[in-house]
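Comments concern the structure below.
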Ligand SMILES: CC(C)(COP(=O)(O)OP(=O)(O)OC[C@H]1O[C@@H](n2cnc3c(N)ncnc32)[C@H](O)[C@@H]1OP(=O)(O)O)[C@@H](O)C(=O)NCCC(=O)NCCS
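In the numbering used here, the protein residues as written are 53 to 362.
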């Protein structure tokens, strides 16, 4: 039994905050943000929309896309570091709101690599035959843990949600290989106290190294090589980190997903949001080989190689 993506959905808040808007409230410039990060604008959820709301909106779309009802879900995994509250989990809130009566539910804390951790966890339950349909959501309301007086971090992040139903797919398709990893010794470089605290340079170095290595590792594990890759979906943190991963795989520009300019870094939501946008744009087709790769606070990382299609 192979596990793969059988439905996807996303939600991004309507409110757009541009670099020009940030110039008005802090000592920064559109030019600095664009050249250092590739970000042009980000979405910020208003006070009435919390993490569980965004998760719900994305999840509804993923269920519709999968053509299944919430009652058919066996488990809900929500990757987030910005839950509505410490407990109950966002996953339990979602279980109730969706009416997923038979689903187990828990949150996963792996920061920006969280969606990768969720998908790989779902794969295990499906491939052992224990579960059939697992909903995985990557969602963040980073605006509530952003220090709007700290230009080092405030310009980087945004809010949003992406969701996928992981379930059985036909032979040869689905998640072919994965890599998950962590290095707690690097936790000091990116963490939340009251707000996000980051040593940008250290995170940058780690990210460039890890994104490239993990991408190559999942290809090797699947018995494939760089030439086989049709599309790369890197975590959307910074265009320079993303470009380094693309170069490591020797892919042309048009074979890498880029949504960071529109949404900034949405942490666990960035990979599934990008996935939905690329599929909707027709850039990902049946039988394409996709590499998804993320890294984040923890430090954590995760990657998968996927043969697209059901
Ligand atoms: C944060 C990051 C964009 C900074 O880029 P950088 O090229 O390393 O920038 P540098 O550290 O060389 O330069 C920083 C300088 O710009 C200034 N600066 C920082 N933020 C700024 C901003 N928003 N606007 C203007 N200047 C800013 C700093 O104060 C510093 O000035 P100084 O040299 O006078 O002290 C980059 O390090 C990065 O993307 N790191 C990874 C972060 C990440 O991905 N985090 C999420 C992980 S999931």
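We put the beta carbon where it would ideally sit given N, CA and C, even for glycine.
Model, not experiment: these values are computed from the prediction.
Other residues of its chain near residue i: CB distance less than 6 Å, five sequence neighbours each side excluded
{"i": "residue 19", "result": "Only positions 53 to 362 of the chain appear in the structure, and residue 19 is not among them; the question remains open."}
{"i": "residue 255", "result": "241 and 242"}
{"i": "residue 289", "result": "317"}
Cutoff 7 Å; reference residue i; Cβ partners in own chain excluding five residues on either side
{"i": "residue 197", "result": "134, 244, 247 and 248"}
{"i": "residue 341", "result": "276, 280, 281, 282, 357 and 359"}
{"i": "residue 181", "result": "53"}
{"i": "residue 278", "result": "271, 301 and 302"}
Beta-carbon gap between residue i and residue j smaller than 8 Å
{"i": "residue 211", "j": "residue 65", "result": "yes"}
{"i": "residue 344", "j": "residue 336", "result": "no"}
{"i": "residue 311", "j": "residue 203", "result": "no"}
{"i": "residue 58", "j": "residue 155", "result": "no"}
{"i": "residue 130", "j": "residue 191", "result": "yes"}
{"i": "residue 214", "j": "residue 167", "result": "yes"}
{"i": "residue 271", "j": "residue 284", "result": "no"}
{"i": "residue 351", "j": "residue 238", "result": "yes"}
{"i": "residue 346", "j": "residue 334", "result": "no"}
{"i": "residue 91", "j": "residue 228", "result": "no"}
Cβ-based neighbour list, residue i, same chain, cut-off 8 Å, excluding 5 preceding and 5 following
{"i": "residue 149", "result": "104 and 108"}
{"i": "residue 223", "result": "54"}
{"i": "residue 330", "result": "283, 285, 309 and 336"}
CB-CB length for residue i against residue j, believed under 8 Å
{"i": "residue 319", "j": "residue 194", "result": "6 Å"}
{"i": "residue 157", "j": "residue 147", "result": "4 Å"}
{"i": "residue 175", "j": "residue 128", "result": "In fact, because the Cβ distance is near 15 Å, the residues do not count as touching under 8 Å."}
{"i": "residue 322", "j": "residue 164", "result": "7 Å"}
{"i": "residue 187", "j": "residue 125", "result": "5 Å"}
Residue i burial status per 10 Å Cβ neighbour count (16 or more: buried)
{"i": "residue 77", "result": "exposed"}
{"i": "residue 151", "result": "exposed"}
{"i": "residue 73", "result": "exposed"}
{"i": "residue 201", "result": "exposed"}
{"i": "residue 139", "result": "exposed"}
{"i": "residue 172", "result": "buried"}
{"i": "residue 132", "result": "buried"}
Check: residue i C-beta below 7 Å from any heavy atom of ligand 2
{"i": "residue 311", "result": "This structure lacks ligand 2; its bound ligands are ligand 1."}
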